[in-house]
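Chemist:
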Amino acid sequence: MMGLRVGIDIGGTFTDLVFLDDRGHVTTSKVLSTPDDYSRGIMDGISSGAGLHATAVRQLMHGTTVATNAILEGKGAQVGLITTAGFCDVLEIRRLRMPALYDIRWQKPPPLVPRRLRREIPERINSQGEIERPLDEAAAAQEIDMLLAAGVDAIAVCLINAYASGMHERRVRDLIRERNRAIPVSLSSELVPEIKEYERTSTTVVNAYVLPPVRRYLRRLTQELDASGIATPLGIMQSSGGVMLADLAAERPFNIIESGPAAGVVGAAELARILAHPNVLSFDMGGTTAKAALVQNGQFVRVGSLDVGGGINIAGRLLKGGGYHVSAPAIDIAEVGAGGGSIVRVDAGGGLRIGPDSAGSAPGPACYGRGGAEATVTDANVVLGFINPEGLAGGSLPLHPMLARRALENGVGRSLALPVEEVAWGVHRLANATMARALRAVSTERGLDPRGFALMAFGGNGPVHAATLAGALDIGRVLIPPVPGVFSSLGMLFPEVEHHYVRTYKRPLDGDDLAWMQAAFAQLASEGAEALRSEGFAPADQAFDRFADLRYSAANSELTVPIARDQSAGELRLSFEDAHEQQYGYRSSEEVVEVVNLRLIARGLSSSGVPAALRLSAPTAPPGRQREIYLGPERGWITAPILGRFDVPAEWRPGPLLVEEYDSTTVVPPGAQVRRLAWDTLEIELG
Amino acid sequence: MTSSAAARSDAGTRDPFALELIKNALATLADEMALTISRTARSFVVKEALDFSTALFLADGELIAQGTCLPFHLGAMPFAVASVRRTYRERIRPGDLFITNDPYDGSTHLPDIVLVRPIFRSGTLLGFSAALAHMTDIGGRVPGGNASDSTELYQEGLRIPPARLWREGEPDETMLRLLERNVRVPDKVLGDVRSLVSACLLGERGFLKLFDQYGDDFLTHCADLLDYTERFTRAEIAKLPDGQWQFIDHIDNDGIDPQPIRFVVTITIAGDEMTIDFTGTSPQVRGAINCVYPFTRSAALACVRSVLDLSIPNNAGYFRPIRVIAPEATIVNPRAPAAVAARGLTGVRIGDTVFGALAQIVPELMPACGANAPEVGVSFGGIDREGRTHVYLEFLVGSWGGGPDRDGMDACTGTLVNYANTPAELIEADLPIAVERYAFVPDSGGAGRWRGGLSLERHLRFKLDRGVLQIRSDRREHLAYGLHGGRPGAPSDALVVRANGLEEHFPSKFLTAVGKDDVLRVRLSGGGGHGSPLQREPWRVLADLREEKITPAHAKAAYGVVLEEAGDVVDEPATRALRAKLEESPAAPARADKPSSGGCRA
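Taken in order, these protein sequences are the chains called H and D. If you use this note's numbering, the first sequence corresponds to residues 10 to 696, in order. If you use this note's numbering, the second sequence corresponds to residues 1133 to 1734, in order.
1) Does the contact criterion of 3 or more C-beta pairs under 8 Å hold for the segment 1554-1564 of chain D versus the segment 155-170 of chain H?
2) Of all the options D:Y1450, D:S1443, D:V1424, D:L1247, which has the alpha carbon lying nearest to the alpha carbon of L1433 of chain D?
3) Distance cutoff 7 Å, beta carbons only. Does G680 of chain H sit that close to anything in chain D?
4) Check whether the Cβ of Y111 of chain H lies closer than 7 Å to any Cβ atom in chain D.
5) For the putative contact between Q1378 of chain D and V1396 of chain D, defined by C-beta atoms under 8 Å, what is the C-beta separation to the nearest angstrom?
6) What three-state label does DSSP hand E1405 of chain D in the structure shown?
7) I'd like to know whether the C-beta of A442 of chain H is nearer than 7 Å to at least one C-beta of chain D.
8) Once you ignore the five residues that flank I17 of chain H on each side, which residues in its own chain have a CB closer than 6 Å to its CB?
9) Determine whether the Cβ of L1333 of chain D lies closer than 7 Å to any Cβ atom of chain H.
10) Specify the secondary structure class of V495 of chain H as computed by DSSP and reduced to three states.
11) So does the segment 1314-1329 of chain D actually touch the segment 1157-1174 of chain D, counting three or more Cβ pairs closer than 8 Å?
12) By Cβ distance, which residues of its chain are closer than 7 Å to S1717 of chain D, with the 5 residues on each side in sequence left out?
13) So with CB distances below 8 Å, who are the chain H contacts of N1550 of chain D?
14) Scan the segment 202-216 of chain H for residues whose Cβ lies nearer than 9 Å to a Cβ of chain D and list them as they occur along the chain.
15) How is D1625 of chain D classed by DSSP in three states: helix, strand or coil?
16) In chain order, what residues of the same chain have a beta carbon less than 7 Å from the beta carbon of P1426 of chain D, not counting five sequence neighbours either side?
17) Using a Cβ cut-off of 7 Å, pull out every chain H residue sitting near R1363 of chain D, in sequence order please.
18) Are the CB atoms of P620 of chain H and F328 of chain H within a distance shorter than 7 Å?
19) Name the chain H residues whose beta carbon is nearer than 8 Å to that of M1541 of chain D?
20) If you count every other CB in all the chains shown that lies within 10 Å of the CB of H1637 of chain D, and 16 or more means buried, which is it?
21) Using the beta-carbon of each residue, which ones in chain H are nearer than 9 Å to D1441 of chain D?
22) Going by DSSP, what residue range makes up the beta strand (DSSP E) through P1250 of chain D?
23) For S535 of chain H, verify whether its CB is less than 6 Å away from any heavy atom of the ligand NAD.
24) Cβ closer than 8 Å: which chain H residues qualify as neighbours of C1745 of chain D?
25) Name the one or two DSSP bridge partners that N1465 of chain D has.
26) Could you tell me whether the Cβ atoms of N441 of chain H and L464 of chain H are closer together than 7 Å?
27) Consider the Cβ of E1110 of chain D: report whether some Cβ of chain H lies at a distance smaller than 7 Å.
28) If the cut-off is 9 Å on Cβ atoms, which residues from the segment 239-255 of chain H count as contacting chain D, listed in chain order?
29) Quick one: does A1367 of chain D have its CB under 7 Å from some CB of chain H?
30) What's the gap between the Cα of I1454 of chain D and the Cα of G1483 of chain D?
31) Take the Cβ of V676 of chain H as the centre, count every other Cβ of all protein chains shown within 10 Å, and call the residue buried at 16 or more, exposed below.
32) Could you please give the first and the last residue of the uninterrupted beta strand (DSSP E) stretch that includes K1341 of chain D?
33) Can you give me the Cβ contacts of L1615 of chain D inside the same chain, cut-off strictly under 6 Å, excluding the 5 residues immediately before and after it?
34) Taking the CB atoms as reference points, tell me whether G251 of chain H and R282 of chain H lie closer together than 7 Å.
35) Ends of the beta strand (DSSP E) at Q682 of chain H?
36) Quick check on Y510 of chain H: does DSSP put it in helix, strand or coil?
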């Protein structure tokens, strides 16, 4: 019987599903999201896409925004927090940083636990993990009773120095269990045993806060899948790009905060490997934002934490602290507030500005004809001929090019005295300049030259901007993946099962004896093996990657370096110094190197292979169609033939041309050429 | 609008899209220079306090972009470029790289080293890239270079006039060795200087790339960018009412002489121009809190930035319509060789004073005075039994004053700096110090219709047999002011509980020996309140009570709110009666000065 893989990505407006069978047949399904109960939309999508073949589903991967939404909408659990005496305000004091310079109106987000539910208990463990003051159990019991009497839905426990020993935290959990067996308890020493009390407390609290709604949602979805005859376990995309099964995700939901955006990057990395184009910049442009991530040697780059609900930060990595901190491995994604719906305005000095305000889907850009009067990036693209004036989504959403022209002429155009197509071209380039900041944030800001990468563009608007954006960054090569509009859902189909573990072990890397480190890794590996075993992975299908966070003891930031099983301290030091030199441009051989954290990734190896080729449906266009496009005053209006994806040959075909498909349009400018690669990916070489 | 601005406005900008692209490219480039520093610098002040800056200039020394770094530095770096240009003139050569830290010639105190790189194409000077960072040490009498009790510049460390660090591409070994031999932690200082060099070179490469891309139009576009920024700034200033406003605030003392130090600012707005005049401010002092003019000016410019559109670019166009006057030989424009190392405190007070005047101009925007800038510095140093030296240095940041429509944020950095705190667990892992408390102090926020933010306090237990503790603080006598009837925030405090249990209180600036198990309890001041506390809705008072941010006694005394027996419901009749009574006999006026002349038209 045919096996079917299903990727499900829930967005604010649409739920996208991608179905992939063993022979590479791809079908997609787009249904309206059902925010009151997202599982309904998913079941609708599955029945419309998989139809009667529900029993054929053998892999089901899901990216969900339930955890993020609970935070953004303030609809998480009522959490009680237990801390060490003297530190109940750590959660509210945070790290003090502001994300916006000069902004006297900025407000930090309210703490997820009010002060009266942050209870202190007498106890103290020191930085070595030794007990300095025993846990006062009677006092702890009293505080627990207070929280339970106050009716909290979940309890978070974060004690000072618990990264070094979780003994007191575990005892506190026992005391809670003696009183209430059902209430979820999150311990900082189990979720994220890493030094720095604010970061650990915030992470533990976020976990407790989103746990009840995430668990509720996943239980309901699992039940409905069971009822429809789908037997395969549900996999949830983590922020890290790995997958974890629904049962575990319900216990550790802090790992699935950026579930959705991760999938597109996982897909980009997989496609990069398939195409033997190992270095790509993944670029996902939607209606309100654009996201960029780096894939190097077929691997995406991860960071150790996320700032949830902090808004979009155009300034990149300099300003931090706007949202709720979560210490969890996450794909490093930079985001800017520029998308198709971004509004173009003139400021008091006569300068132009794009976004971050968006016309959204209602009223939407002026060309939607739903009452939007302000010009957007999409309106500019319609005037330039990049987007089919007859309509989006295969014509099901009709467009009104006249309204787009009028919005540009009346708004921005009025103060410029330029022909409308020049205004539109300017807007298109400004959007590129804004989005280039996201791409630079993940490349140049890390000391990497974007010219060494191919731009892999997807999302509904990515292929429209890809060639001109690449040109602005001196990038010579563009890749447009199949089903660009729902590519994130396709990305859901490729992750591995993955669990991340971390422990802080602050000590100098001296001598050559790393027995202590091997013992510590053995401990982490046994935890990972246990988690994988419970998910059905035999020992032969388990793999463990080891890493250490190292730094020069006088420096303030660590570098994460991979460690081979039998590496000596000398070899480890050498690989750290190589990495340091690559990142910072120098090494400092006389200085002491210090270990800060040890990390382990436990991976479940999946035997199900990726099909060698994809088969897309209806990818050709009626012959003879063409459209006028405008690429700046130097080139003027140009006639571009319109092709379907399958009309693009395997050999180079010169631009100008447009590749139009159901959910996007790819612009190939004159001087550039395009061809079709494996997996029906389009490759554009710029002139 | 003045005639010159109107003329510029009519002329408009030649190519609005090119202008926008250049603006974006320059801002990104300055930020990339900043990221280079934050990635590669070694010192904690750079990484966690963002105490550094990057900038790009045209050949005539006009600032065209500044990185998103320390707001306090806005407009301080043009002085470094001006010093280099004045000193070397036509002797500036391709490949040169200049250095200065002289507060009287390009920098603002000795720990801030500035590098300036001239940018040439085909032998023509096109511009400069520059980078500045606060060094962990710069030699001198006291480690760290921030001591507030020096009385002349010569005690404060190595003074480098504008000099060549590189000569036509070759590093000047004399300068590097001089630097190496004069600082206590040469590896850190030279490491940080190296990261400034990388930033300057990155800025040069990016600048030249833009120049090559746009050709000779580049300089025209840059001029357009400055004009656009000026136009934007003038349009924003023109939205403010015309008039003259004054505000007065104080520093309790300089730690050497007991008398208070007065800060007077008069802001005049006429059409689309603004003058910020510090005439009337106290003469320069003996202690090291004198603040050189460039820092005074940049602090004032950074304050004004907060009341204008936030998207005005950071360049010289922003400075054009704003004039900052600081009479010579005052604490805000001292004569050499007055000591200046701890001018940060004065910068903070300049900010409080300017904000106080702005609060009269845009009352709908401005909060009461906060304790959210780094005016409390704690340093501890000592040697352990194995002979290792330990140094702890932290600038503590507290809370905001109440705003016109909101309470002051409890614990958050203000708009002039962007400091992070040091995690207690890092302190304990790295230093012989145990952190026993880091928390809010109930009842410490200035009472008001909108409450001021709470004081923060930190308790540190020292574990060395012997060490030296130094505190630089203020706001004991002259408190963080309230506005529109709001009360000032609670005073700051510092006491040491000796190992034998004896409590020892200290003045705001002190140095003392500490031994094992002595505990420092340092407390920041609270933020000022906004509006009459008797107007605060009782439900808000009750919410603060439930949050244990105020006590029932404070609710009654400061807000006139009485609770029912059970303690969780407001006793409305009793509250009305008490408030009526308090209304008739208001509490004694605050010690902090009130606005002395509210909005009198010029």
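Backbone N, C-alpha and C define an ideal beta-carbon position, used for all residues, glycine too. Here the structure is a predicted model, which is why all the values come from computation and not from measurement.
Modeler: Reading it off the structure:
1) Using a Cβ-Cβ distance cut-off of 8 Å, the segment 1554-1564 of chain D and the segment 155-170 of chain H are in contact, since at least three pairs of beta carbons, one from each stretch, lie closer than that value.
2) The option with the nearest alpha carbon to L1433 of chain D is D:Y1450.
3) At a cut-off of 7 Å, the C-beta of G680 of chain H has no neighbouring C-beta in chain D.
4) At least one chain D Cβ lies under 7 Å of Y111 of chain H.
5) Q1378 of chain D to V1396 of chain D, Cβ: 7 Å. Contact.
6) Assigned with DSSP and collapsed to three states, E1405 of chain D falls in strand.
7) Chain D places a beta carbon closer than 7 Å to that of A442 of chain H, counting this residue as a contact.
8) In chain order, L26, I51, H71 place their CB closer than 6 Å to the CB of I17 of chain H, counting only its own chain and leaving out the 5 sequence neighbours on each side.
9) No - not a single Cβ of chain H is within 7 Å of the one on L1333 of chain D.
10) Residue state, collapsed to three classes: helix.
11) Segments in contact, yes.
12) Here the set comprises nothing.
13) Contact of N1550 of chain D with chain H by beta-carbon distance below 8 Å involves R106, M107, L110, L328.
14) If the cut-off is 9 Å between Cβ atoms, the segment 202-216 of chain H has I204, K205, E206, Y207, E208, R209 near chain D.
15) In the structure shown, the three-state DSSP call for D1625 of chain D is strand.
16) Cβ within range, chain order: A1208, F1211, T1240.
17) Correct list: G358, G359.
18) Checking the sequence shown, residue 328 of chain H turns out to be Leu, not Phe. Going by C-beta atoms, L328 of chain H is not nearer than 7 Å to P620 of chain H.
19) Simply Q116, K117.
20) With fewer than 16 Cβ atoms within 10 Å of its Cβ, H1637 of chain D is classed as exposed.
21) The answer, in chain order, is D356, A357, G358.
22) Here the beta strand (DSSP E) through P1250 of chain D covers 1244-1253.
23) Absent from the structure shown: the ligand NAD. Ligands present: none.
24) Residue 1745 of chain D is absent from the model: chain D starts at 1133 and stops at 1734.
25) Answer by DSSP bridge pairing, in chain order: D:T1462.
26) Against a cut-off of 7 Å, the Cβ pair of L464 of chain H and N441 of chain H comes out as no contact.
27) Chain D is shown only over 1133 to 1734; residue 1110 of chain D falls outside these bounds and no answer can be derived.
28) Flagged: no residues at all.
29) Cβ-Cβ to chain H under 7 Å: yes for A1367 of chain D.
30) Approximately 16 Å, taken between the alpha carbons.
31) Label assigned to V676 of chain H: buried.
32) Secondary structure note for K1341 of chain D: it is in no beta strand (DSSP E), and the uninterrupted alpha helix (DSSP H) holding it is 1318-1346.
33) Taken in chain order, the residues that qualify are A1491, A1500, H1662.
34) Against a cut-off of 7 Å, the Cβ pair of R282 of chain H and G251 of chain H comes out as no contact.
35) 682-685 is the span of the beta strand (DSSP E), which, as asked, contains Q682 of chain H.
36) The answer is strand: DSSP assigns Y510 of chain H an E or B state.
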